[in-house]
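Numbered according to our numbering, the sequence shown spans residues 1064 to 1410. Structure first, commentary second.
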Amino acid sequence: MLAPVAWRTPPQHYGPWEQIASHLAEGLVARGVDVTLFATLDSRTAGKLDGVCPHGYAEDPALDGRVWEALHVAHALARSGEFDLVHNHLDWLPLAFAAHARAPMVTTVHGFSDPRIVPAYSRAASAYVSISDADRSPELDYVATVHHGIDLAALPFSAAGGEDLVVLGRIHPDKGTAAAIEIARIAGRRLVICGIVQDERYFAEQVLPHVDGDAVSYLGPVGPSRRAEVLGSAAALLHPIAFDEPFGLAVVEAMACGTPVVTYPRGAMPEIVDEAVTGFLVDGPAAAAAAVDRAAGLDRAACRATASRRFSTARMVTDYLAVYGRILASRASTGTLAIPTRESPIP
């Protein structure tokens, strides 16, 4: 299991790719699979841990991410002959060296950071898994779509909820933090903002001036231990994205706590949100504000039940085991890695 090394696996604050790599690794170990997690050396796993990067480079300016990612990938692929399969969660870099992998490679495409990285995907001998149907590139063939799974035990159901709204995610124009402030203002509700500041200028100019500790509060990054409390005590999660969201972990985490979502119908959102069950898909701040009261009136138990059925770690692990089985069976029958195409998808 090749995790990123920007953050620890599992992350203590932010790190969605690391979080999914952790959930999957731990779920596979629980099913009896022998898993070696390649991650930062301060990572935690019930499997075997290996790596070279001491800790997340995003947390230490003394570490150059380009250098440590390269060292990390080189170390993992040097050991690849010891394994039946390599599962890459580290974007394009391992793909550039996929020819040197001595085991079949599966790559979960967590989102394309830039269209210019697509050639690294299209040229590599790897099987690709999309995290939503909406996030598929027409230039690639995929073996499956596997929606992310979350740790339901770490996100207990909150039947009562609360009156405030919450927005959780990196503070960046893509995530619409400023739009969430406007939505809460129109709706006449307090807003709680959680997340790392990824765009300092945007935060300083469009977010921080509105933070008064009353109408708008900023809690900073909230780690796993506090995330459930924040999400579960809200009336609704606002997710007014300004980009095509590949998946949206905060969305399903809120649902698991029983908290419905008000979001825009971009990217994976129509695929993830069950309209009028786990939330509402709307266009623009005014429509979002109008949907807040309707969302707050949804059945929180039904929201939790839907999230449990669709987005559990157990379901994700089962889906990936099917992917692994198909790829290994293909290799056994042909002697090489035959990548399934759209014409021969996994059932």
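Built from N, CA and C at the ideal position, the CB exists for glycine as well. From a predicted model like this one, the values you see are computed outputs, not experimental measurements.
For T1326, the residue or residues it bridges with in DSSP:
Indexing the sequence shown from 1 puts residue 1326 at position 263. For T1326, which the question treats as bridged, DSSP gives the partners H1302 and L1344.
If we ignore side chains and look at the alpha-carbon of each, how far apart do A1190 and T1171 end up?
Residue mapping note: residue 1190 aligns to position 127 of the sequence shown, counting from 1. Residue mapping note: residue 1171 aligns to position 108 of the sequence shown, counting from 1. Distance from the CA of A1190 to the CA of T1171, rounded to the nearest whole angstrom, comes to 9 Å.
Cross-strand partners of A1485 (DSSP beta bridge):
Outside the modelled stretch of the chain, which goes from 1064 to 1410, sits residue 1485, for which no answer is possible.
If we define contact as Cβ-Cβ less than 8 Å, is P1236 a contact residue for chain C?
As a matter of chain content, chain C is missing from the structure shown, which is built from one protein chain.
Tell me whether the beta-carbon of H1076 lies closer than 8 Å to the beta-carbon of G1286.
Position 13 of the sequence shown, counting from 1, holds the residue named residue 1076. Position 223 of the sequence shown, counting from 1, holds the residue named residue 1286. It is a contact, given that the beta carbons lie within the stated cut-off.
Length of the line joining the Cα atoms of V1130 and F1306
Indexing the sequence shown from 1 puts residue 1130 at position 67. Indexing the sequence shown from 1 puts residue 1306 at position 243. If I take the Cα positions, the gap works out to 30 Å.
R1252 classed as buried or exposed, judged by whether at least 16 other C-beta atoms fall within 10 angstroms
Position 189 of the sequence shown, counting from 1, holds the residue named residue 1252. Around the C-beta of R1252, 16 or more other C-beta atoms lie within 10 Å, and the residue is accordingly described as buried.
Compare the Cα-Cα distances from A1319 to each of V1181, V1336, Q1269 and P1219 and report the closest residue.
Walking along the sequence shown from the start, residue 1319 turns up at place 256. For the residues V1181, V1336, Q1269 and P1219, the minimum Cα distance to A1319 belongs to P1219.
Contact between the region 1342-1349 and the region 1311-1326 is defined here as three or more beta-carbon pairs at a separation below 8 Å; is this criterion met?
The region 1342-1349 vs the region 1311-1326: in contact.
Would you say G1347 and G1321 are within 8 Å of each other, going by their C-beta atoms?
Numbered from its first residue, the sequence shown carries residue 1347 at position 284. Numbered from its first residue, the sequence shown carries residue 1321 at position 258. Here G1347 is not near G1321, since their CB atoms are 8 Å or more apart.
Cβ-Cβ distance between P1236 and D1262 below 8 Å:
One-based indexing of the sequence shown puts residue 1236 at position 173. One-based indexing of the sequence shown puts residue 1262 at position 199. Yes.
Limits of the alpha helix (DSSP H) - the one that V1293 falls within
Position 230 of the sequence shown, counted from the start, is the residue given in the question as residue 1293. Looking at the DSSP string, the run of the alpha helix (DSSP H) that includes V1293 is P1287 to G1295.
Counting C-beta neighbours from all protein chains within 10 Å, is the total for A1317 16 or more, i.e. buried, or is it exposed?
Start at 1 with the first residue of the sequence shown, and residue 1317 comes out as number 254. The Cβ neighbour count for A1317, taken over all protein chains shown within 10 Å, is at least 16; the residue is labelled buried.
6 Å CB neighbourhood of G1078 in its chain, flanking five on each side removed
As a position in the sequence shown, residue 1078 is number 15, starting the count at 1. W1070.
Sequence-distant residues of the same chain with beta carbon closer than 6 Å to G1090, five excluded per side
Counted from its first residue, the sequence shown places residue 1090 at position 27. Only residues of its own chain outside the window of five on either side were considered, and among them T1376 and V1380 have a CB closer than 6 Å to the CB of G1090, listed in chain order.
In this structure, how does DSSP classify S1195 when only helix, strand and coil are distinguished?
Position 132 of the sequence shown, counted from the start, is the residue given in the question as residue 1195. Looking at S1195 - three-state DSSP - the assignment turns out to be coil, as it is neither helix nor strand.
Give, in chain order, every unbroken run of the beta strand (DSSP E) that is at least 3 residues long and sits entirely within the region 1213-1259.
The region 1213-1259 contains these whole beta strand (DSSP E) runs: 1228-1231 and 1254-1257.
Candidates L1271, F1146, D1337 and P1272, of which the one nearest V1098 by Cα
Walking along the sequence shown from the start, residue 1098 turns up at place 35. Among L1271, F1146, D1337 and P1272, the Cα nearest to that of V1098 belongs to F1146.
Kindly indicate which residue of V1386, I1259 and D1382 has the alpha-carbon position closest to the one of H1211.
As a first step, residue 1211 must be located in the sequence shown, where it is residue number 148. For H1211, the nearest C-alpha among the options comes from D1382.
Three-state secondary structure (DSSP) of L1126
Here residue 1126 refers to the residue found at position 63 of the sequence shown. L1126 sits in coil when the DSSP states are folded into three classes, being neither helix nor strand.
To which residues of the same chain is S1143 closer than 6 Å at the C-beta, ignoring the five residues directly before and after it?
The residue you call residue 1143 lines up with position 80 of the sequence shown. Excluding the 5 residues flanking it on each side, S1143 has same chain C-beta neighbours closer than 6 Å at V1149, A1164, R1165 and A1166, in chain order.
Taking just the CA atoms, how far does A1188 sit from P1117?
Against the sequence shown, residue 1117 aligns to sequence position 54. Against the sequence shown, residue 1188 aligns to sequence position 125. Rounded to the nearest angstrom, the gap between the Cα atoms of P1117 and A1188 is 29 Å.
Ignore the nearest five residues each way along the sequence and tell me which others in D1177's own chain have a CB closer than 7 Å to its CB.
The residue labelled residue 1177 in the question sits at position 114 within the sequence shown. Residues of the same chain with a CB within less than 7 Å of the CB of D1177, apart from the 5 flanking positions on each side, do not exist.
Within a Cβ cutoff of 8 Å, which residues of the same chain sit near A1278, ignoring the five residues on either side of it in sequence?
In the sequence shown, the residue the question calls residue 1278 occupies position 215. Contacts found: A1247, R1248, R1253 and L1254.
Quick one: what does DSSP say A1069 is sitting in, helix, strand or coil?
Mapped onto the sequence shown, residue 1069 falls at position 6. The three-state reading of DSSP puts A1069 in coil, since its state is none of H, G, I, E or B.
Which residue wins for smallest C-alpha separation from A1139, given the options V1115, S1393, W1155 and A1370?
Here residue 1139 refers to the residue found at position 76 of the sequence shown. Selected option, being the one with the closest Cα: V1115.
Spatial neighbours of R1378 in its chain, beta-carbon cut-off 7 Å, leaving aside the 5 residues before and after:
Position 315 of the sequence shown, counted from the start, is the residue given in the question as residue 1378. Correct list, in chain order: G1212.
Starting from the C-beta of S1193, find all residues in its chain whose C-beta is less than 6 Å away, skip the five residues before and the five after it, and write them out in chain order.
Counting from one through the sequence shown, the residue named residue 1193 turns up at place 130. Answer for S1193: V1172, R1199, Y1205 and T1208, listed in chain order.
Could you pull out every residue in the same chain whose Cβ sits closer than 7 Å to the Cβ of L1203, ignoring the five residues on either side in sequence?
Numbered from its first residue, the sequence shown carries residue 1203 at position 140. Here L1203 has Y1184, S1185 and Y1191 as same chain residues with Cβ atoms under 7 Å from its own Cβ, once five neighbours each way along the sequence are excluded.
Whole-Å CB distance - A1291 paired with F1310, under 8 Å assumed:
Position 228 of the sequence shown, counted from the start, is the residue given in the question as residue 1291. Position 247 of the sequence shown, counted from the start, is the residue given in the question as residue 1310. With a beta-carbon spacing of about 19 Å, A1291 and F1310 fall beyond the 8 Å limit used to define contacts.
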